[in-house]
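Novice: The sequence shown maps to residues 1 to 297 in my numbering. Even glycine gets a Cβ: it sits at the ideal position worked out from N, Cα and C. Here the structure is a predicted model, which means the values were calculated and not measured.
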Amino acid sequence: MTPTPGHDQVGLVGRLDAVSVLDALRAPTRGVVYDLDATRWNGMPVGPGHPQFQVLTYRSAPGSRNQGDMDFLEHGNAAQLRVNTDLIMGTVHTGTHIDAFAHVCCGPAAEWFGGYSAFDQLGDFGALTCDASTIPPIVTRGVLIDVAADHSVPCLPRATAITSADLASALDKQQVELRENDVVLVRTGYMSIWPDITRTSEYAGAGIDHGAAVYLADRGAIAIGGDTEALEVFPSGNPDNPLPVHIELLQRRGIHILELVDVEALAADQVFEFLFVCLPLKIRGATGSLVRPIAIA
């Protein structure tokens, strides 16, 4: 089905223009690059509702040699060249990733952002609108809000709800102000113990509550990320909505969510303001994208 003309598929990241990008490029003063990717590997933990991530050898040097079934390697190959290739299976919500708007829908019409309904915009090969291919490159000012440090703990306890007051307190201690078009990253400390399954069960579920999401959105954030699997506190405490932050940001406001962002190095160096760069993969139909975001201080 053809998308309805005038319906937005980009959301607030569409506000980033040449002026805002040039302004963000002034943020770095030391030229230090922080890799915010948590890494991916075969059999790694993934969130509920997602398939296991697997990296499998598809063609191997000994396999092609023994089978002799790759013609370009069997003739005129005095160099004895061989190749190794792989097959990757899993979800785009593996490790550090960004959610596309098609990731969540709600209501009787199962609508995601822009008023699109899953009943006529979800095909056998993914979402037809608001998929990962609609997420543009993100280059803007980034802000880290270190809530764990403000609470004087290495990692927030299990299912801790981060409120707007918690965010305001941490920002005040850091002496940082939020600005329009920021990408905001919230630290719970979870990445300091992830993926140790013997410990993650003690800390899983800490995250921002609905009021904190509104607080950040009202202050101009175009994307909000966390160092946990869900960004938001889980369980939500709302008997009518298990993921109110996802609905508020993705479905209602057009604000992208990033999850499992590794901000430990930023926190260790107390880098709270930086240039944020994130390049989502343009995968048609996908409800999100694996990303390797960086911060430049």
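Could you give the DSSP three-state label for I222: helix, strand or coil?
Specialist: Here I222 sits in coil by DSSP.
Novice: Rounded to whole angstroms, what is the Cα-Cα separation between I197 and A206?
Specialist: 16 Å
Novice: Looking only at DSSP bridge pairs, what is Y34 linked to?
Specialist: A295
Novice: Using a threshold of 8 Å, state whether the C-beta atoms of V184 and I145 are closer than that.
Specialist: yes
Novice: If I measure Cβ to Cβ from V214 and keep anything under 7 Å in the same chain, skipping five residues before and after, which residues do I get?
Specialist: E248
Novice: Using 8 Å for Cβ pairs, my map puts I257 next to D99. What's the rounded Cβ distance?
Specialist: The pair is a contact, with the Cβ atoms about 4 Å apart (cut-off 8 Å).
Novice: So D150 packs on S164, CB below 8 Å; how close in whole Å?
Specialist: The pair is not a contact, with the Cβ atoms about 13 Å apart (cut-off 8 Å).
Novice: Since E232 and V245 should fall inside the 8 Å C-beta cutoff, what is the C-beta to C-beta distance between them, to a whole number of angstroms?
Specialist: 3 Å
Novice: Rounded to whole angstroms, what is the Cα-Cα separation between L178 and Y190?
Specialist: 23 Å
Novice: Which word fits V139, buried or exposed, when buried means at least 16 other C-beta atoms lie within 10 angstroms of its C-beta?
Specialist: buried
Novice: Measuring alpha carbon to alpha carbon, tell me which of C155, G43, E74 ends up nearest T188.
Specialist: C155
Novice: Nearest to R141 by CA position, among T200, G220, V46, A204, is which residue?
Specialist: G220
Novice: Leaving aside the five residues before and after L25 along the sequence, list all residues of the same chain whose C-beta is less than 6 Å from its C-beta, in chain order.
Specialist: none
Novice: Roughly how many angstroms lie between the CA atoms of N66 and H97, to the nearest whole one?
Specialist: 39 Å
Novice: Using only CA atoms, which one of G76, V55, I222 lies nearest to D88?
Specialist: Checking the sequence shown, residue 88 turns out to be Ile, not Asp. It is V55.
Novice: Helix, strand or coil: which one does DSSP assign to G211?
Specialist: helix
Novice: Looking at L250: is its Cβ nearer than 8 Å to the Cβ of H93?
Specialist: no
Novice: Here's the rule: buried if 16 or more other CB atoms are within 10 angstroms of the residue's CB, otherwise exposed. What is P157?
Specialist: exposed
Novice: Would G11 pass as a contact of G254 if the rule is Cβ separation under 8 Å?
Specialist: yes
Novice: Going by C-alpha distance, which of F119, C278, D86 is nearest V298?
Specialist: Here the chain has residues from 1 to 297 only, and residue 298 is not among them.
Novice: Can you name, in chain order, every residue of its own chain whose Cβ lies under 6 Å from the Cβ of V33, other than the five neighbours on each side?
Specialist: Non-local C-beta neighbours of V33 in its own chain, meaning closer than 6 Å and more than five positions away in sequence, comprise I294, I296, ordered along the chain.
Novice: I need the boundaries of the alpha helix (DSSP H) containing L243, first residue and last residue.
Specialist: Neither: L243 is in no alpha helix (DSSP H) and is coded neither H nor E.
Novice: Please report how far the alpha carbon of G285 lies from the alpha carbon of H50, in whole angstroms.
Specialist: Those two C-alpha atoms are separated by around 16 Å.
Novice: Tell me where the alpha helix (DSSP H) around Q67 begins and ends.
Specialist: 61 to 67
Novice: DSSP on V271, reduced to helix/strand/coil?
Specialist: coil
Novice: Does R253 come out as helix, strand or coil in the three-state DSSP assignment?
Specialist: In the three-state reduction of the DSSP assignment, R253 falls in the helix class, which pools H, G and I.
Novice: Looking only at C-alpha atoms, which of E180, P48, D8 sits nearest to I224?
Specialist: E180
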